[in-house]
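All residue numbers for the sequence shown refer to the working numbering, where the first residue is 3 and numbers rise by one.
Glycine included, each C-beta is placed from N, C-alpha and C at the ideal position.
Note that the structure is predicted; figures quoted are calculated from it, not measured.
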Amino acid sequence: MLYSSPVKHQKALLPPLRKVRFLRSSRPIASLAFAVLILSPTGDPLCQDTHPSLPSPPSRSADSIALASRIRLRDHYDAGHIDSALAVLEEWSELTGDDVMKYRLNLMLHMAAGRFSGALYDRSLIGNLLIDRECDGSPCGSSSTWGYSPVDESLAPFTRRMAREMLPRTPEGSIERLLCECFAGDCDSIFQSLKHPEYGETPLAQHYDQEIQRILAGRTDANLAFYSGIWIPRGDNDVLGSHPFLGVVFGGAKFGYLFNVLCEVRLLNADKSYVLGVGNRRDTTKSFTGHYLGIEAGRELVHSIRHEVFVTGGVGFDGFLYDNPVEGDAKRAVNAFNANVGLGYKFHPRRLSRSYVGVQVVYNFIDYQRAAGTGLAGDAVSLRILVGRSGDTGVNQRLRCLGY
């Protein structure tokens, strides 16, 4: 017998009861303690349990389970015992967990049994279809990226063989045929096919649309652009003349909301002399160097593959410097608060490209009148031409892989 009874061991190791004769002594307490020590099992080294722990039953490794399951599953499938193959796959998944290939095998075995339906898969199948696909020379994603354990490559040849064998038996224009084509190694066309109206009501096409929307909703677009244009004063400010400007904008977008920081310098002197009143003095000059530092927040109205339309509102620190005719090289400043609203458009030359060119019209509410103390009441319009980069590299790569 492999395992002996632990109860028998315990009985064999119990110390025999001994007849103890109490010593006649004037110290009865010491004699009693001596007797208790002899009767105590722990007091006798021979009574201590030196029996080794019982061996545990041998456990099967994941590799041995996988090897045995692959052989049994292949034999059942080749013999046409589809239900038995499904039972082996279910037991295997319970013992070692799911992975990409087991997911595919489950779908194809149900196809072979004539019991395939949309209830067998969910949105995770979209990620499953990307495991073997490449886009622009880069892999579309690992199994861990899409929520699976590492791919069991030992199943890949058998899975592809099953798909190739079943492909001629699947109806044209069916989801089963699209999946068999992909599982056989051709996943390049499946996502383009899912956009066709004939598949529009299928669960797989709906899961595809949900995945696209989930990715778009979770993107975080960084934005960096340089811009140039012309600043055109309105009202009494037109004495300052129009001025070209250079600027830089950086920020980002999340959930369709924009946030940017801008820094701008307006160049060239005024065409005509203008007068500024400072206290009781009047300065006449053509000198002008404008500046603007502000923040803008906005909302995307349209965001497609190559086109974006957005509105913005912002506040900032506006003003200009001019030469002091009294103190020579010293500059004097006129500063004012700027509140503005704008409308813009961006165009991406390539699908899902981060690079863009854009145009933006901004109306600036400014008040040089209070700062300059003379007739400079009025606002200004800025026409901007932007060249920059925006987007989320990881999100764009996933969208390319999905054929978006």
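Cutting at 6 Å between CB atoms, please list the residues of its own chain near F319, excluding the five before and the five after it.
Position 317 of the sequence shown holds residue 319. Same-chain partners within the cutoff: L295.
Under three-state DSSP, which class holds C189?
Residue 189 sits at position 187 when you count from the first residue of the sequence shown. If DSSP states are grouped into helix, strand and coil, C189 belongs with coil.
Output the boundary residues of the alpha helix (DSSP H) element that contains D77.
Position 75 of the sequence shown holds residue 77. That run of the alpha helix (DSSP H) goes 64 to 80.
Assign S63 to buried or exposed, taking buried as 16 or more other Cβ atoms, counted over all protein chains shown, within 10 Å of its Cβ.
Working through the sequence shown from its first residue, we reach residue 63 at position 61. Exposed, by the Cβ-count rule.
Does the count of Cβ pairs from the stretch 308 to 327 and the stretch 339 to 354 closer than 8 Å reach three?
Counting Cβ pairs under 8 Å, three or more are found: they touch.
Which of the three DSSP states is assigned to F257 in this structure?
Counting from 1 along the sequence shown, the entry for residue 257 is found at position 255. In this structure, F257 counts as coil in the three-state DSSP scheme.
Can you tell me the Cα-Cα spacing of K104 and E183, whole angstroms?
As a working mapping, residue 104 is identified with position 102 in the sequence shown. As a working mapping, residue 183 is identified with position 181 in the sequence shown. C-alpha separation (whole angstroms): 17 Å.
Name the two residues that bound the continuous alpha helix (DSSP H) containing V90.
Position 88 of the sequence shown, counted from the first residue, corresponds to residue 90. That run of the alpha helix (DSSP H) goes 84 to 98.
Which two residues bound the contiguous beta strand (DSSP E) that contains H309?
As a position in the sequence shown, residue 309 is number 307, starting the count at 1. Taken as a continuous stretch (DSSP letters only), the beta strand (DSSP E) holding H309 covers 309 to 325.
Classify Q215 as buried or exposed, calling it buried when 16 or more other Cβ atoms lie within 10 Å of its own Cβ.
Stepping through the sequence shown from its first residue, residue 215 is reached at position 213. So Q215 ends up on the exposed side.
Give the range of the alpha helix (DSSP H) segment to which Y105 is assigned.
Here residue 105 is taken as the residue at index 103 of the sequence shown, counted from 1. Counting along the chain, the alpha helix (DSSP H) containing Y105 begins and ends at 102 to 114.
Quick one: using the 10 Å Cβ neighbour count with 16 as the cut-off for buried, is T161 buried or exposed?
Counting from one through the sequence shown, the residue named residue 161 turns up at place 159. Buried, by the Cβ-count rule.
Is it buried or exposed for P235, if we count other Cβ within 10 angstroms and need 16 for buried?
On the sequence shown, position 233 is the one that residue 235 refers to. Under this definition P235 is a buried residue.
Whether or not the stretch 233 to 250 and the stretch 344 to 361 are in contact is what I'm after, with contact meaning three or more pairs of Cβ atoms, one per stretch, closer than 8 Å; do they touch?
Not touching, per the Cβ criterion.
Can you name the residues that DSSP bridges to D241?
For the purposes of this step, residue 241 is taken as residue 239 along the sequence shown, with counting starting at 1. Note that residue 241 corresponds to Val in the displayed sequence, not to Asp. Paired residue(s): none; V241 is not in a bridge.
Please state if the CB of T222 and the CB of G254 are separated by a distance shorter than 8 Å.
Within the sequence shown, residue 254 is the residue found at index 252, counting from 1. Within the sequence shown, residue 222 is the residue found at index 220, counting from 1. Taking 8 Å as the Cβ cut-off, G254 and T222 qualify as a contacting pair.
If you reduce the DSSP assignment to three classes, tell me which class E203 lands in.
Stepping through the sequence shown from its first residue, residue 203 is reached at position 201. E203 falls in the coil class under three-state DSSP.
Please report the residue range of the alpha helix (DSSP H) in which F228 lies.
Mapped onto the sequence shown, residue 228 falls at position 226. F228 -> not in any alpha helix (DSSP H); beta strand (DSSP E) instead, spanning 222 to 235.
Taking the alpha-carbon of F312 as reference, which of Y259, Y324, R356 has the nearest alpha-carbon?
Taking the sequence shown and counting its residues from 1, one reaches residue 312 at position 310. Ranking Y259, Y324, R356 by Cα distance to F312 puts Y259 first.
In whole angstroms, give me the CA-to-CA distance for V397 and R179.
Working through the sequence shown from its first residue, we reach residue 397 at position 395. Working through the sequence shown from its first residue, we reach residue 179 at position 177. Whole-angstrom Cα-Cα distance: 29 Å.
Regarding F349 and the ligand FAD, is the C-beta to nearest heavy atom distance less than 7 Å?
This structure simply doesn't include the ligand FAD, nor any ligand for that matter.
Roughly how many whole angstroms lie between the Cα atoms of S244 and R308?
To locate residue 244, count along the sequence shown from 1; it is residue 242. To locate residue 308, count along the sequence shown from 1; it is residue 306. Each residue's alpha carbon lies about 33 Å from the other.
Taking only three categories from DSSP, how would you classify L345?
The residue labelled residue 345 in the question sits at position 343 within the sequence shown. Residue state, collapsed to three classes: strand.
So, under 8 Å CB-CB, I128 and H209 are touching, yes? Tell me the CB distance rounded to an integer number of Å.
Mapped onto the sequence shown, residue 128 falls at position 126. Mapped onto the sequence shown, residue 209 falls at position 207. Confirmed, Cβ separation roughly 6 Å.
Would you mind stating whether L75 and L97 have Cβ atoms separated by less than 8 Å?
Within the sequence shown, the letter at position 73 stands for residue 75. Within the sequence shown, the letter at position 95 stands for residue 97. No, these two residues do not count as a Cβ contact at 8 Å.
For N337, I'd like the list of residues in its chain whose CB is within less than 8 Å of its CB, leaving aside the five on either flank, ordered along the chain.
Within the sequence shown, numbered from 1, the residue matching residue 337 stands at position 335. Excluding residues within five positions, the ones whose Cβ falls inside 8 Å are F319, D320, G321, A373.
Using only alpha-carbon positions, find the residue among S119, V241, A219 that is nearest to L181.
By one-based count along the sequence shown, residue 181 stands at place 179. It is S119 whose Cα lies nearest to the Cα of L181.
Which residues in the same chain as S86 place their Cβ atom closer than 7 Å to its Cβ, once the five residues preceding and following it in sequence are excluded?
Stepping through the sequence shown from its first residue, residue 86 is reached at position 84. Cβ within range, chain order: H78.
Does DSSP put A165 in a helix, a strand or coil?
For the purposes of this step, residue 165 is taken as the residue at position 163 of the sequence shown. In the structure shown, A165 sits in a helix (DSSP, three-state: H, G or I).
To the nearest angstrom, how far is the alpha carbon of A73 from that of N225?
Along the sequence shown, one-based indexing puts residue 73 at 71. Along the sequence shown, one-based indexing puts residue 225 at 223. Per the sequence presented here, residue 73 reads as Ile, with Ala not at that position. Distance between the alpha carbons of I73 and N225 is about 54 Å.
How would you label I177, buried or exposed, when you count the other beta carbons within 10 angstroms and need 16 or more for buried?
Along the sequence shown, one-based indexing puts residue 177 at 175. With 16 or more Cβ atoms within 10 Å of its Cβ, I177 is classed as buried.
Are A382 and N366 close, meaning C-beta to C-beta below 8 Å?
Taking the sequence shown and counting its residues from 1, the one referred to as residue 382 is at position 380. Taking the sequence shown and counting its residues from 1, the one referred to as residue 366 is at position 364. A contact, by the Cβ cut-off of 8 Å.
Is C189 closer than 8 Å to L131 when the C-beta atoms are compared?
Here residue 131 refers to the residue found at position 129 of the sequence shown. Here residue 189 refers to the residue found at position 187 of the sequence shown. Yes. Within cutoff.
With DSSP as the reference, please indicate the residues paired to E302 in a beta bridge.
Reading the sequence shown from its first residue, position 300 is the one you call residue 302. DSSP output for E302 lists F312 as bridge partner(s).
What does Y358 pair with, by DSSP beta-bridge criteria?
Locating residue 358 in the sequence shown gives position 356, where the first residue counts as 1. Paired residue(s): G390.
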